[in-house]
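Chemist:
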Amino acid sequence: MLMEVRLNNVLAFNKTVVFSANADMRTKKFISNVHQENGHNIVKSTAIYGPNNTGKTCLIKGIASIIDILLNNEPHLLPNLFTHNPICKLGIAFLYDKKKYDYTITYDTQSEEIIYEHFVHKFYDEYGNEKSDTLILKDIKKQEFKCIDPNVEPLMEVVANKALLCHAIDTSKFSKLAEIKQIITEFASSIDIINMNNIPIDQTIKLLKNENNIQKKVVNFIKQADVYLDDFKYAEADMDIKLKKNGKAIADERALALPEQLLDQLKLISVYKGHPVPSMVFDSTGTKKIAALASYIIEALEKGRTLIVDELDSSLHFSLTRAIVALFNNELNDMAQLIFTVHDVTLLDCKRLFRKEQIWFVHKDEEQVYLYSLADFTTANTGIRDSTNLLDKYKKGVLGALPDPSFFDSLLDIKSKY
Numbered sequence: 201m202l203m204e205v206r207l208n209n210v211l212a213f214n215k216t217v218v219f220s221a222n223a224d225m226r227t228k229k230f231i232s233n234v235h236q237e238n239g240h241n242i243v244k245s246t247a248i249y250g251p252n253n254t255g256k257t258c259l260i261k262g263i264a265s266i267i268d269i270l271l272n273n274e275p276h277l278l279p280n281l282f283t284h285n286p287i288c289k290l291g292i293a294f295l296y297d298k299k300k301y302d303y304t305i306t307y308d309t310q311s312e313e314i315i316y317e318h319f320v321h322k323f324y325d326e327y328g329n330e331k332s333d334t335l336i337l338k339d340i341k342k343q344e345f346k347c348i349d350p351n352v353e354p355l356m357e358v359v360a361n362k363a364l365l366c367h368a369i370d371t372s373k374f375s376k377l378a379e380i381k382q383i384i385t386e387f388a389s390s391i392d393i394i395n396m397n398n399i400p401i402d403q404t405i406k407l408l409k410n411e412n413n414i415q416k417k418v419v420n421f422i423k424q425a426d427v428y429l430d431d432f433k434y435a436e437a438d439m440d441i442k443l444k445k446n447g448k449a450i451a452d453e454r455a456l457a458l459p460e461q462l463l464d465q466l467k468l469i470s471v472y473k474g475h476p477v478p479s480m481v482f483d484s485t486g487t488k489k490i491a492a493l494a495s496y497i498i499e500a501l502e503k504g505r506t507l508i509v510d511e512l513d514s515s516l517h518f519s520l521t522r523a524i525v526a527l528f529n530n531e532l533n534d535m536a537q538l539i540f541t542v543h544d545v546t547l548l549d550c551k552r553l554f555r556k557e558q559i560w561f562v563h564k565d566e567e568q569v570y571l572y573s574l575a576d577f578t579t580a581n582t583g584i585r586d587s588t589n590l591l592d593k594y595k596k597g598v599l600g601a602l603p604d605p606s607f608f609d610s611l612l613d614i615k616s617k618y
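Position 326, counted from 1, in the sequence shown is what our numbering calls 526; the numbers after and before it change by one each time, with no gaps.
This is the structure in structure tokens:
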């Protein structure tokens, strides 16, 4: 599970921002929203609010870049436009096999090299103090090289810097380094990152082709989301479907109309009142997004994966978005985790849905972008309690992360001219 993300000079973030999924166990409310393991407490879901173009998507992209580095993929990292500094600093803390690990990475976007990496195992001593053991330290600038496997250290100074140490060296000869590689790749592979405006449907198609327990749950999830839908399935046999030559009958969603996926998509069948129809032609945008999203949600819940969604509420009814969050905020959910950006203010609910540390905000001014939690607003300095009407506070600007009022002034000015 993901515990913390740190970004500095990455995309919109010119200064360090820290996103945390750690739960404050001084608060006993909604304990079912927290995964507790080996002294670590992690919230199962997190909502991130903020106006358009403030940095919510940049946070998701920053996490994606870290995951790419951990998996030895090209990170597509971009530094902040206004710092004129090519150096991006990233960090991630996560729980794997009941242990907490933390990786700090510095990436030079000009040379496309990792110039600093520090991987540690964090634990609590007998007095409850957090301690750490360094597993890898590679600092090119200071020429510091440490590894839990001493046989690796002589190689660290000469090995290429295009990838993390465990990817740059043949780990088959170094068992401890191979174990580190397994830890970071298995963790990174357990994270799915999707954008609701561009969800690949192939994951759902793959699951629908195999009749098993997960397939049945995916179908049931889609049916529950659309009250008028009798069934949803993948038709192995070809259907005689006539489409307009200009393609106007086909969905205009970019993610659902890729040529290489067209045949499989045409075999996705929705059944209404006993009549089978091609989903991509007849279903609403919301239903098609649910069909694409369903496989990720079910697999996350079944396999304890982390699902990160940009714009979760896009084209979804507010009650459906709330129901999805409730699936993760559930005592039956063990390790599945949901992190999402959202505009739906009806989810700003600490009375029935969230703990305060599960709600985050992105706010931007002329100087920088800020990332902070509702838990930062204490009863003493803001009067915000679990019972507070958060929607009212948010509308009044108490929590920040609202569109610039001058935007509305400009619209009114335009209207007055006509």
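Just so you know, even glycine gets a beta-carbon here, dropped at the ideal spot from N, CA and C. What you are looking at is a predicted structure, and each value in this text was computed from that prediction instead of being measured.
From what residue to what residue does the alpha helix (DSSP H) around arginine 505 run?
Modeler: Element bounds for arginine 505: n/a, residue is neither H nor E.
Chemist: Under the assumption that isoleucine 314 contacts asparagine 280 (Cβ atoms under 8 Å), give the Cβ distance between them as a whole number of angstroms.
Modeler: Actually they are not in contact, since the Cβ atoms of isoleucine 314 and asparagine 280 sit about 19 Å apart, beyond 8 Å.
Chemist: How about leucine 429 and tyrosine 496: do their beta carbons lie closer than 8 Å?
Modeler: Not a contact, by the Cβ cut-off of 8 Å.
Chemist: Less than 8 Å separating the beta-carbons of phenylalanine 540 and alanine 247?
Modeler: A contact, by the Cβ cut-off of 8 Å.
Chemist: Hey, histidine 321 and lysine 346 are a contact pair by Cβ (cut 8 Å); roughly how many whole angstroms apart?
Modeler: Incorrect: roughly 13 Å between the Cβ atoms, too far for contact.
Chemist: Are the segment 504 to 521 and the segment 387 to 397 touching, with three or more C-beta to C-beta distances below 8 Å?
Modeler: Taking 8 Å as the limit for Cβ pairs, the verdict is that the segment 387 to 397 does touch the segment 504 to 521.
Chemist: Report the rounded CA-to-CA distance for serine 515 versus threonine 546, giving the unit in angstroms.
Modeler: About 15 Å.
Chemist: Going by alpha carbons, who is nearest to glutamine 537 out of Asp513, Lys503, Asp565 and Thr521?
Modeler: Of the candidates Asp513, Lys503, Asp565 and Thr521, the one whose C-alpha sits nearest the C-alpha of glutamine 537 is Lys503.
Chemist: For cysteine 288, which beta-bridge partners are listed by DSSP?
Modeler: Paired residues: Tyr307.
Chemist: Measuring straight from C-alpha to C-alpha, what distance separates leucine 337 and aspartate 549?
Modeler: Straight-line Cα distance between these residues: approximately 43 Å.
Chemist: Distance check for isoleucine 559 and alanine 575, CA to CA, integer angstroms please.
Modeler: Their Cα atoms are separated by approximately 8 Å.
Chemist: Could you have a look at histidine 367 and say whether DSSP puts it in helix, strand or coil?
Modeler: Helix at histidine 367.
Chemist: Whose CA, out of His240, Ala492 and Pro350, lies closest to the CA of isoleucine 405?
Modeler: Of the listed residues, the one whose Cα sits closest to isoleucine 405 is Ala492.
Chemist: Enumerate in chain order the residues of its own chain whose CB-to-CB distance from serine 479 is below 6 Å, with the five nearest sequence positions on each side excluded.
Modeler: These residues qualify, in order along the chain: Leu468 and Ser470.
Chemist: What residue from Leu377, Ser372 and Gln424 has the CA that sits closest to cysteine 366's CA?
Modeler: Nearest of Leu377, Ser372 and Gln424 to cysteine 366, Cα basis: Leu377.
Chemist: Reducing DSSP to helix, strand and coil, say where alanine 523 ends up.
Modeler: Looking at alanine 523 - three-state DSSP - the assignment turns out to be helix.
Chemist: What number of angstroms, rounded off, separates the C-alpha of lysine 489 from the C-alpha of serine 372?
Modeler: The alpha-carbon atoms of lysine 489 and serine 372 are separated by roughly 43 Å.
Chemist: Using the rule of at least 16 other Cβ atoms within 10 Å of the residue's Cβ for burial, across every protein chain shown, is phenylalanine 294 buried or exposed?
Modeler: Answer is buried; the Cβ neighbour count reaches 16.
Chemist: From the DSSP output, in three-state form, read off isoleucine 315 for me.
Modeler: In this structure, isoleucine 315 counts as strand in the three-state DSSP scheme.
Chemist: Taking 8 Å as the cut-off, does the segment 240 to 256 touch the segment 527 to 534 (at least 3 CB pairs, one atom from each stretch)?
Modeler: Flag = yes, the segment 527 to 534 and the segment 240 to 256 touch.
Chemist: Do alanine 494 and isoleucine 414 count as a contact pair if the criterion is CB distance below 8 Å?
Modeler: No, they are not a contact pair.
Chemist: Restricting to Cα atoms, I'd like to know which of Arg206, Ala223 and Gln403 is closest to glutamate 499.
Modeler: When each option's Cα is compared against that of glutamate 499, the closest is Gln403.
Chemist: Is phenylalanine 518 helix, strand or coil when you go by DSSP?
Modeler: Note: phenylalanine 518 maps to helix in three-state DSSP.
Chemist: Compare the Cα-Cα distances from lysine 261 to each of Asp513, Leu207, Gly250 and Ile524 and report the closest residue.
Modeler: It is Leu207.
Chemist: Mark arginine 555 as exposed unless 16 or more other C-beta atoms lie within 10 angstroms of its C-beta, in which case mark it buried.
Modeler: Buried, since its Cβ has 16 or more Cβ neighbours within 10 Å.
Chemist: Flag this pair as yes or no: are the beta carbons of tyrosine 303 and isoleucine 292 separated by less than 8 Å?
Modeler: Going by C-beta atoms, tyrosine 303 is nearer than 8 Å to isoleucine 292.
Chemist: In whole angstroms, give me the CA-to-CA distance for lysine 444 and asparagine 420.
Modeler: Confidence at lysine 444 is low in this model, with a pLDDT of 48, below 50, so the placement of that residue should be treated as unreliable; the coordinate-derived value is given next. Each residue's Cα considered, the two are about 31 Å apart.
Chemist: Using 8 Å for Cβ pairs, my map puts leucine 290 next to threonine 385. What's the rounded Cβ distance?
Modeler: The pair is not a contact, with the Cβ atoms about 17 Å apart (cut-off 8 Å).
Chemist: DSSP three-state label for asparagine 420, please.
Modeler: Here asparagine 420 sits in helix by DSSP.
Chemist: Could you check what DSSP says for leucine 538 in three-state terms: helix, strand or coil?
Modeler: If DSSP states are grouped into helix, strand and coil, leucine 538 belongs with the strands.
Chemist: By DSSP, does valine 352 sit in helix, in strand, or in coil?
Modeler: It is coil, neither helix nor strand.
Chemist: Grab me the residues of proline 354's own chain with a C-beta within less than 8 Å of its C-beta, minus the 5 sequence neighbours each way, in chain order.
Modeler: Excluding sequence neighbours, proline 354 sits near nothing in its chain.
Chemist: Going by DSSP in three states, lysine 376 sits in which element: helix, strand or coil?
Modeler: If DSSP states are grouped into helix, strand and coil, lysine 376 belongs with the helices.
Chemist: Considering only C-alpha positions, which residue in the set His475, Pro400, Met203 and Gln424 is nearest to isoleucine 524?
Modeler: It is Gln424.
Chemist: Under 7 Å from any heavy atom of the ligand GTP, does the C-beta of aspartate 592 make it?
Modeler: This structure lacks the ligand GTP; in fact it carries no ligand of any kind.
Chemist: Starting from the C-beta of glycine 474, find all residues in its chain whose C-beta is less than 6 Å away, skip the five residues before and the five after it, and write them out in chain order.
Modeler: Excluding positions up to five away in sequence, the list is empty.
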